[in-house]
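Beneath this line is the structure, given in structure tokens, with notes to follow.
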Amino acid sequence: MEFNTVDGVVEIEPQRDGSTFSSNGMLLEVGSDLWLEIDGRKYKAHATKVGDVWWVHIQGHTMRFELIEPGAAGADDDGGMVAPMPGKILEVMAEVGQEVKTGQTLMIMEAMKMEHKITANQDGIIQEILFQVGDQVEQGAQLLNIE
Amino acid sequence: MEFNTVDGVVEIEPQRDGSTFSSNGMLLEVGSDLWLEIDGRKYKAHATKVGDVWWVHIQGHTMRFELIEPGAAGADDDGGMVAPMPGKILEVMAEVGQEVKTGQTLMIMEAMKMEHKITANQDGIIQEILFQVGDQVEQGAQLLNIE
Amino acid sequence: MLKRVLVANRGEIACRILRACREAEIEGVAIFAANDSGTLFTELADISIQLDGEGLAETYLNQQQIIEIAQQNGCDSIHPGFGFLSERADFAQAVIDAGLIWIGPSPTAITQMGDKMTARITMRAAGVPVIPGEEVEGGLEQVLALAPSVGYPLLLKATSGGGGKGMRAVHDAADLESEAKAAMREALNAFGDDRIYIERLLVGSRHIEIQILADQHGRTIHLGERECSVQRRHQKVFEESPSIALDSELREQMGEAACEAARAVSFEGAGTVEFLLTPKGEFFFLEMNTRIQVEHPVTEMVTGVDLVREQLRIAAGEPMSCGPLSMRGHAIEVRLYAEDPANNFLPAIGKLQIFKPPTGPGVRFDTGVRQGDEVTPNYDPMLAKLIVWAPSREEALLRMGRALDEFVVLGCVTNIRFLRELCDHKDVVDGWTTTDMIDRLWPDGWAPDQNSIITDAGLLIASSCEAAGFGKQLSTKSSEHISPFTTLNRRFP
Amino acid sequence: MLKRVLVANRGEIACRILRACREAEIEGVAIFAANDSGTLFTELADISIQLDGEGLAETYLNQQQIIEIAQQNGCDSIHPGFGFLSERADFAQAVIDAGLIWIGPSPTAITQMGDKMTARITMRAAGVPVIPGEEVEGGLEQVLALAPSVGYPLLLKATSGGGGKGMRAVHDAADLESEAKAAMREALNAFGDDRIYIERLLVGSRHIEIQILADQHGRTIHLGERECSVQRRHQKVFEESPSIALDSELREQMGEAACEAARAVSFEGAGTVEFLLTPKGEFFFLEMNTRIQVEHPVTEMVTGVDLVREQLRIAAGEPMSCGPLSMRGHAIEVRLYAEDPANNFLPAIGKLQIFKPPTGPGVRFDTGVRQGDEVTPNYDPMLAKLIVWAPSREEALLRMGRALDEFVVLGCVTNIRFLRELCDHKDVVDGWTTTDMIDRLWPDGWAPDQNSIITDAGLLIASSCEAAGFGKQLSTKSSEHISPFTTLNRRFP
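See the structure below:
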């Protein structure tokens, strides 16, 4: 099974024995609740799946792992930059054809009463800018394309 | 629809309009939550069904209503007396053939570390006594029969 | 400092102690019977060990097994909580003999206070007033013989008792024999000791108890009183601090008597000295509980002292951290029981399908259960405690009412509505709380004060939800929970 | 006494006020925008009225509509909470003109304090020390012209501002123009007023604020300080009382200065005077908030005063009920934000699939949301506040750590882990909390301190749950929530 994580793509195939799963010497009991056993100690865990993302809580830590569905398009970034949440475009600071570097601010949008910068997620040349100043954008809307 | 309540059997057929139900001038909106409207004020309600019993919470009050399934055997008491919870029989204070009156103590059982009296739920003659002192009884086990 | 504590208890109080351990940076080890697997207190522990065996005697009361687990898991100490082994001197001694620290007073102090008769005699000797009554050495015959000299109404109490078990009020000589038998049987089952004794039943009295702390550095202090007069079946349901019946002078008198009682047995740790306060203002020693008390949070909220944390300090040989007594505002605790108050408080069971405790200002919630948990008949039906603090008693009552109105529990019958009505009841508001008040106010049993609008609303909700198929995924099989309406009289006699 | 209060707010603070109303036996009327339908505060109100319109301006900021609703529903008063209309003198005036009681200070006091420049001038006149800086009357040009005389680093602040909106730190002259533009734009959007002013940025200072109460009977008192130095994006995340930096002498000095500030504008009700306390021990007036403050619970827990209840009393013309200042123990509040601390605290949205707040001793939880609620981008991302009290600061930090470890939120990113690490951070434990500490400690942004065992455990849990089909009924459609991993850099610059 493959997951997108903050450290990149990770593959894991836990061993299964009935309702008990294991890997790296850790055991997980999957019943109506989740109990993880490490070195003889048991820890309560919580998990829920939202879309393709598994949310996990264990020992005060919350993590998210995006399941990469086999056969689905790679989760790798393909240069499309989308709005992280609904909001309004306040400034557009780049032009089509412009060369940009990773981290460079390309747009400013307002959401949740705060301003947020939209920055380039790769080096490249801007192919498209899909919104103008003042536009309302939906969550997930593609804002620009870099190639 | 018929319910067994603490005040006896009650029949109610609320009017339905989409997800809104009404009776006695009250409106109930059944969505992912429950909101009851009385005289223009809205109150949050909670409900859940366990077996045939609807548990309802509204304005600090908790109520239970047992649905009488159409065609099912009447929920009326038929003289069988069953254990309200698992426990142990401590004393049997009646004999087969004995005449008993409503409210008379027939058995004492122990459950949850306390003693509880099992009392006659009707006047009549004891037909059967199904357990002896020292027996463990399951929840719902028939203890005696009165006719 | 302690390093690793085994908590020899379960449920709400185990959670309380395990949280205190975590906050003190001490590891907490839970032990649990198979039927407690996965419950909240096992989750809050650093290490949870399953007990072998079935039933109380083989699990939570199994001294040898518990001590072995402590030793095998590197514990340096055992906290007994309340109930179970908390007042068993032989267990305290066995813990000490095993080289572990016993978080509680010495076995001698437990013995002197645990045997209610010895305690009476010790207190009489120390000049603390005791209730008129008779100590009984023999069995049923002696009880029957001595009762007339005490007079009616009288109270039969288990010599090794506590928590209302084995306690019976007798108002009429005709009931004496059957009640004495029942008390002895309950006492035997609960404490393995069927001895009972007889006390005068002081009608109209208040139950006032004084919280005590004593460390190994020679300091014995009291932390004011709790009033726990509102009781049903001799078990407290509503507790508060301070008591409306005490002024600072009486508080000091009773506090000093309580410290005297503690010193008389060289007490160490947290304990409670219980008194009856009569309408005339006399107070009598009832008993001393040589352990943390269910209702300790009201004292914590009023005095600002963390009693369980102080227990850990004292057991480790550290001086207690609290300064001079400073009481502020008013705290009330109510006990959430799985029981049917409209059916003579008969214990109830069921799955907590919906369990939404209140939150917000001044609200503390000490729970042993969560939504989705199953309430079984295996253990005490107390599930949780709701505690509020407010600047004044009037505000605390209103806050408790608000909190109880927000509290939703479906799937298991509880006493929430009963507690809610108590908060509004004139006698409670006026402070006329006495130990016999529930019997006095509801001689024929309590029933909810529910108007027809609420009932109609409930029926509309039930029928509409049925018609709409609301929450269908939540319903469980019919066989799991028996209908409460067909098996019992509405009023359990 | 008030009879029916309209609460012109939403979320957590509306819940707080509505509960206070219930506890004061006053009816509470909630108003809500369509997208707040069914949320917790509408449930806690006696009456809930839906606002017409969309967007803030047509709903929660719609003065006329709100006053009409109050009148149509028989309200005698309006409580504005914080944010929204709470510091709008024109609204306060309109409320009064409509014959209703405004639960807050007079419009004049709001004006004098709300305009940050006027406040600076008023305070200077009253002898309260203010931060070196420049009031700006004109627009961008004047800002650019006056900045050099203040010197760098400097702070641009919205004249009508609050809550960090329209506030920008400028460390280098090169950034001045773009930052000034951004600040003015944010100020315009947030407050309908794009004026900003310039202050010296006092590096290494603490944010200390004094809680004030003043009634109509001539009494103006302070309730000690709160330290709110730990801030991100100029918004507080971690607040405590008392401050480690104050002794009783400095507390009295600052308290007296705060009372002086309040008296200078004939203040009435609950308010907060904010100061910067420099490493040298000088303190400067920052601003006065003429309303209840987000972090008011820490004062409540330390002083035992119910501030919202006192607001209701004062507005009704009653004398405040609190006695002389008595501070006990230590309280800490953390703010639960729907935001990603590992991504420059960018606000987050999502459905609270699992939302399990902690409970137990010393824990207070003031929330605006419940499990199952949807966090939307429409409003401020603050969801709830977790407050703990303990006898000492050290114990309070440990208790907060325990509570945060118990707190489970899945389905929406929150700052829980960031707050948890703060509790253990050496600078916080030692009390070296300053307003620039987050930038100082994590100049390249914060990332969770997570060892590989935790990550491996997380992956095992995710993969096993996937393989076992765990909790399938809970998953929602993929389109509802966009993956957070593909759209943004891990470190938002």
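If you're matching them up, the sequences are chains A, B, C and D in order. So for the first sequence, our numbering puts the first residue at 3; every next one is plus one. So for the second sequence, our numbering puts the first residue at 3; every next one is plus one. So for the third sequence, our numbering puts the first residue at 3; every next one is plus one. So for the fourth sequence, our numbering puts the first residue at 3; every next one is plus one. Where is the CB? At the ideal position from N, CA and C, for every residue including glycine.
Can you tell me whether DSSP reads residue i as helix, strand or coil?
{"i": "Leu38/A", "result": "strand"}
{"i": "Asn453/C", "result": "coil"}
{"i": "Asn345/C", "result": "helix"}
{"i": "Ile98/C", "result": "helix"}
{"i": "Leu145/B", "result": "strand"}
{"i": "His427/C", "result": "coil"}
{"i": "Ser243/D", "result": "strand"}
{"i": "Cys467/D", "result": "helix"}
{"i": "Arg202/D", "result": "strand"}
{"i": "Leu132/B", "result": "coil"}
{"i": "Asn191/D", "result": "helix"}
{"i": "Ala340/C", "result": "coil"}
{"i": "Arg170/C", "result": "strand"}
{"i": "Leu354/D", "result": "coil"}
{"i": "His118/B", "result": "strand"}
{"i": "Asp80/A", "result": "Note that Asp80/A scores a pLDDT of 49, beneath 50, so its modelled location is shaky and nothing firm can be said."}
{"i": "Ser24/B", "result": "strand"}
Could you tell me whether the Cβ atoms of residue i and residue j are closer together than 8 angstroms?
{"i": "Gly13/C", "j": "Phe43/C", "result": "yes"}
{"i": "Phe84/D", "j": "Tyr62/D", "result": "no"}
{"i": "Ile500/D", "j": "Gly257/D", "result": "The shown model of chain D, from 3 to 495, leaves out residue 500/D, and the question about it has no answer."}
{"i": "Gly362/C", "j": "Cys23/D", "result": "no"}
{"i": "Ala247/C", "j": "Ile198/C", "result": "no"}
{"i": "Arg21/C", "j": "Leu4/C", "result": "no"}
{"i": "Ala49/B", "j": "Gly30/C", "result": "no"}
{"i": "Gly89/B", "j": "Glu71/B", "result": "no"}
Who are the neighbours of residue i on chain D, taking C-beta pairs under 8 angstroms?
{"i": "Asp308/C", "result": "Pro363, Gly364, Ala392, Pro393, Glu397"}
{"i": "Leu92/A", "result": "Arg187"}
Could you list which residues in chain D have their beta carbon closer than 7 angstroms to that of residue i, in chain order?
{"i": "Glu302/C", "result": "Pro363"}
{"i": "Lys44/B", "result": "Ser50"}
{"i": "Glu117/A", "result": "Ala184, Glu188"}
Residues of chain C with a CB under 8 angstroms from the CB of residue i: which are they?
{"i": "Asp368/D", "result": "Thr361, Gly362, Pro363"}
{"i": "Gly331/D", "result": "Gly306"}
Given that residue i touches chain D, what residues does it touch there, using C-beta distances under 9 angstroms?
{"i": "Val11/A", "result": "Here the premise fails: no neighbours, minimum Cβ distance about 10 angstroms."}
{"i": "Pro72/A", "result": "Correct list: empty, because the minimum Cβ distance to chain D is about 12 angstroms."}
{"i": "Glu149/A", "result": "Those within 9 angstroms of Glu149/A in chain D number zero; the least Cβ separation is about 16 angstroms."}
Strictly below 7 angstroms CB to CB, what residues from chain C border residue i?
{"i": "Ser323/D", "result": "Pro393"}
What does residue i reach in chain A if we use C-beta pairs closer than 9 angstroms?
{"i": "Ile40/C", "result": "The sequence given here places Gly at residue 40/C; Ile does not occur at that position. Residues of chain A passing the Cβ test: Gly33, Ser34, Asp35, Trp37, Lys46."}
Please list, in chain order, the chain B residues whose beta carbon lies closer than 7 angstroms to that of residue i.
{"i": "Glu468/C", "result": "Met3, Trp56, Leu69"}
{"i": "Glu229/D", "result": "Residues of chain B passing the Cβ test: none, with the nearest at roughly 38 angstroms."}
Could you work out which residues of chain A lie near residue i, taking near to mean beta carbons separated by less than 7 angstroms?
{"i": "Glu335/C", "result": "Neighbours of Glu335/C on chain A: none; closest Cβ ~27 angstroms, over 7 angstroms."}
{"i": "Glu45/C", "result": "Lys46"}
What in chain B is Cβ-close to residue i, meaning under 9 angstroms?
{"i": "Gln452/C", "result": "His63, Met65"}
- request: Mind listing, in chain order, the continuous beta strand (DSSP E) runs of no fewer than 3 residues lying wholly within the region 369–423 of chain D?
  value: Counting only runs of 3 or more, we get 384–392, 410–412.
message: Please give the ranges of any alpha helix (DSSP H) in the region 41–94 of chain D, keeping only runs that are unbroken, at least 4 residues long and fully inside the region.
response: As far as the region 41–94 of chain D is concerned, its whole alpha helix (DSSP H) runs of at least 4 residues are 42–46, 57–60, 65–74.
field: Residues within the region 19–38 of chain C neighbouring chain D, beta-carbon criterion of under 8 angstroms
entry: Arg21, Ala22, Arg24, Glu25, Ala26, Glu27
message: Extract the residue ranges of the alpha helix (DSSP H) inside the region 258–287 of chain D, only unbroken runs of 4 or more that lie entirely within it.
response: none
field: Near-chain A residues of the region 61–74 of chain C (beta-carbon distance less than 8 angstroms), N- to C-terminal order
entry: none
task: Select from the region 19–49 of chain B all residues with a C-beta closer than 9 angstroms to any C-beta belonging to chain D, and list them in chain order.
output: Cβ contacts with chain D: Gly33, Ser34, Asp35, Trp37, Gly42, Arg43, Lys44, Tyr45, Lys46.
task: Please name the residues in the region 417–446 of chain C whose beta-carbon is closer than 7 angstroms to at least one beta-carbon of chain B, in chain order.
output: Ile418, Arg419, Arg422
- request: Closer than 9 angstroms, Cβ to Cβ, to anything on chain B: give me those residues from the region 372–387 of chain C, in chain order.
  value: Thr378, Pro379, Asn380, Tyr381, Asp382, Pro383
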